[in-house]
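Note sheet for the following structure.
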Amino acid sequence: MPLQIKQAVDLTPLNTLGISATADYLARATAPSDITEAAAFAHSHDLPLIPLGSGSNIVIGTATLHCVLLKIEISGRSVTATPTHTDVRVGAGERWDELVAWSVEQQLHGIEALSLIPGTVGAAPVQNVGAYGQEISQALLAVEAYDLTTDKVVTLSNAECRFAYRDSIFKHAGKQRYIITAVTLRLTPATTLPLPTYATLQAELERRGVTQPTVADIRSAVIAVRQSRLPDPAVTPTVGSFFHNPVIAAADFAKLQADHPEVPHWSTPAGQIKLAAAWLVEQTGLKGEIRDGVGLYEKQAICLINPGHKPAAEVLAFRDHVIDAVEQRFGIRLQMEPELIAV
Numbered sequence: 000m001p002l003q004i005k006q007a008v009d010l011t012p013l014n015t016l017g018i019s020a021t022a023d024y025l026a027r028a029t030a031p032s033d034i035t036e037a038a039a040f041a042h043s044h045d046l047p048l049i050p051l052g053s054g055s056n057i058v059i060g061t062a063t064l065h066c067v068l069l070k071i072e073i074s075g076r077s078v079t080a081t082p083t084h085t086d087v088r089v090g091a092g093e094r095w096d097e098l099v100a101w102s103v104e105q106q107l108h109g110i111e112a113l114s115l116i117p118g119t120v121g122a123a124p125v126q127n128v129g130a131y132g133q134e135i136s137q138a139l140l141a142v143e144a145y146d147l148t149t150d151k152v153v154t155l156s157n158a159e160c161r162f163a164y165r166d167s168i169f170k171h172a173g174k175q176r177y178i179i180t181a182v183t184l185r186l187t188p189a190t191t192l193p194l195p196t197y198a199t200l201q202a203e204l205e206r207r208g209v210t211q212p213t214v215a216d217i218r219s220a221v222i223a224v225r226q227s228r229l230p231d232p233a234v235t236p237t238v239g240s241f242f243h244n245p246v247i248a249a250a251d252f253a254k255l256q257a258d259h260p261e262v263p264h265w266s267t268p269a270g271q272i273k274l275a276a277a278w279l280v281e282q283t284g285l286k287g288e289i290r291d292g293v294g295l296y297e298k299q300a301i302c303l304i305n306p307g308h309k310p311a312a313e314v315l316a317f318r319d320h321v322i323d324a325v326e327q328r329f330g331i332r333l334q335m336e337p338e339l340i341a342v
């Protein structure tokens, strides 16, 4: 069946931040062959081909996207189990949290702390999604992707994905080249786990009287913490955490800590210091502020919300307002976590 391509598509329901915008064209890929057709169409119209998952980690940066937007809806799951591990290959269009829920039901360890993160499986490696001490890169074996330069599906190993903190090849050299079609993860059997090191998660488990948590305990606690801090995007337009936790040099941290001994921080393997962006924003007094329909969630300082369904210009103006306030106070410039799409 030929690929169906729609024209002048309203993107408001296709991005969880609720930005009002349109795209020149929209297609839906349920198989890699659909990507071939979409790529040919985009080439014939001299337009970029841009993949889209659930729209939960993007900021549409212009009123009209002059592109062919390709909604990735490739489904399917296959499992290969051994006594020591379970490999699961999942279509890029599957819901990420449904995969996490399944892994917990199977008592498999590796992604339980990534519970309730919105979005699709295919979008997760792009951002190297992470939470509470876990990142998808720690469990990922391989990514299958359609290579627009060769018109073939290729397989990239974990190393070839060049994962870093909230980063991967798919945000840089591979951004205009690869469209992820499937992901393979390696998970391990687990009965009990050590207590997590993140204080908020520890406190929730301790409140429940859990000292040797199972993967189900971790998932339940993570969901409770996330629901207490973040709004439901189906109710309040948001992409969740909007700003990266900044990483600074140890020498710069020493100066910051001298003035602010209470600053939350974590050491990185490279000897740098990661700071809590939420704490930095809270010190500016902007937490909970709403300005002309755009603002910060009252329970989480780095959660930008768009209850007024404002267009890109107003959302980005408020983003800059927050970034400038933190930089003026601490000399640290925050970076936006979701991907900005403006073509």
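Taken in order, the sequence shown gives residues 0 to 342; the numbers are from numbering that gives the first Met the number 0. Glycine included, each C-beta is placed from N, C-alpha and C at the ideal position. This one's a predicted model, so the numbers in the text were calculated from it and none came from an experiment.
**Asked** For Q382, is the classification buried or exposed, using 16 other Cβ atoms within 10 angstroms of its Cβ as the cut-off for buried?
**Response** Nothing can be reported for residue 382, as the shown portion of the chain is limited to 0 through 342.
**Prompt:** When you compare only the Cα positions, how much space is there between F162 and D319?
**Reply:** The sequence position of residue 162 within the sequence shown is 163, counting from 1. The sequence position of residue 319 within the sequence shown is 320, counting from 1. CA-CA distance, F162 to D319, rounds to 27 Å.
**Asked** How about the stretch 31 to 40 and the stretch 62 to 74: do they share at least three Cβ pairs that are nearer than 8 Å?
**Response** Taking one beta carbon from each stretch, the stretch 31 to 40 and the stretch 62 to 74 have 3 or more pairs nearer than 8 Å; the two touch.
**Prompt:** Among H259, S43, R290 and G132, which one has its Cα closest to the Cα of V314?
**Reply:** Here residue 314 refers to the residue found at position 315 of the sequence shown. Nearest of H259, S43, R290 and G132 to V314, Cα basis: R290.
**Assigned exposure category for T79 - 16 Cβ within 10 Å defines buried** = In the sequence shown, the residue the question calls residue 79 occupies position 80. By the beta-carbon neighbour count (other beta carbons within 10 angstroms, threshold 16), T79 is exposed.
**Request:** Taking E143 as part of the beta strand (DSSP E), name the residues at either end of that continuous run.
**Result:** Within the sequence shown, residue 143 is the residue found at index 144, counting from 1. From DSSP, the beta strand (DSSP E) with E143 extends over L139 to D146.
**Message:** Suppose contacts are defined by Cβ-Cβ distances below 8 Å. Is I110 in contact with L192 by that definition?
**Reply:** Start at 1 with the first residue of the sequence shown, and residue 110 comes out as number 111. Start at 1 with the first residue of the sequence shown, and residue 192 comes out as number 193. No; because the gap between Cβ atoms is not below 8 Å, this pair is not in contact.
**Message:** Can you tell me where the beta strand (DSSP E) holding I222 begins and where it ends?
**Reply:** Within the sequence shown, numbered from 1, the residue matching residue 222 stands at position 223. Premise fails: I222 lies in the alpha helix (DSSP H), V214 to R228, not in any beta strand (DSSP E).
**Request:** Would you mind stating whether N305 and G284 have Cβ atoms separated by less than 8 Å?
**Result:** Position 306 of the sequence shown holds residue 305. Position 285 of the sequence shown holds residue 284. Not closer than 8 Å, so no.
**Request:** Determine contact between the stretch 163 to 182 and the stretch 206 to 214, defined as no fewer than three beta-carbon pairs at a distance below 8 Å.
**Result:** As far as the Cβ criterion goes, the stretch 163 to 182 does not touch the stretch 206 to 214, which means the pair count is below three.
**Prompt:** So, using beta-carbon positions, are L98 and F242 closer together than 8 Å?
**Reply:** As a working mapping, residue 98 is identified with position 99 in the sequence shown. As a working mapping, residue 242 is identified with position 243 in the sequence shown. For L98 and F242, no; Cβs fall outside 8 Å.
**Asked** Beta-carbon separation of V221 and S114 under 8 Å?
**Response** What you label residue 221 is simply residue 222 of the sequence shown in a count that begins at 1. What you label residue 114 is simply residue 115 of the sequence shown in a count that begins at 1. Taking C-beta atoms as the reference points, V221 and S114 count as a pair closer than 8 Å.
**Message:** Check whether the stretch 115 to 125 and the stretch 44 to 61 are in contact - that is, three or more C-beta pairs closer than 8 Å.
**Reply:** A contact exists between the stretch 115 to 125 and the stretch 44 to 61.
**Message:** One question on the structure: do W101 and I116 come within less than 8 Å of each other, judged by their Cβ atoms?
**Reply:** Here residue 101 is taken as the residue at index 102 of the sequence shown, counted from 1. Here residue 116 is taken as the residue at index 117 of the sequence shown, counted from 1. Not in contact: W101 and I116 (Cβ atoms no closer than 8 Å).
**C-alpha gap between A41 and P47, whole angstroms** = The sequence position of residue 41 within the sequence shown is 42, counting from 1. The sequence position of residue 47 within the sequence shown is 48, counting from 1. Those two C-alpha atoms are separated by around 6 Å.
**Request:** Let me know if D323 comes out buried or exposed under the rule of 16 or more other beta-carbons within 10 Å of its beta-carbon.
**Result:** On the sequence shown, residue 323 is found 324 positions in, with the first residue counted as 1. That one is exposed.
**Item:** Spatial distance of I168 from V153 (CA atoms)
**Value:** Position 169 of the sequence shown holds residue 168. Position 154 of the sequence shown holds residue 153. Approximately 14 Å between the Cα atoms of the pair.
**Asked** Who are the near neighbours of S19 in its chain, counting only those whose CB is closer than 7 Å to its CB and skipping five residues on each side?
**Response** The residue given as residue 19 occupies position 20 in the sequence shown. So the qualifying residues of the chain are T11, H308 and P310.
**Asked** When the Cα of T180 is compared with those of L147, A341 and Q256, which residue comes out closest?
**Response** Working through the sequence shown from its first residue, we reach residue 180 at position 181. Nearest in C-alpha terms to T180, of all of L147, A341 and Q256, is L147.
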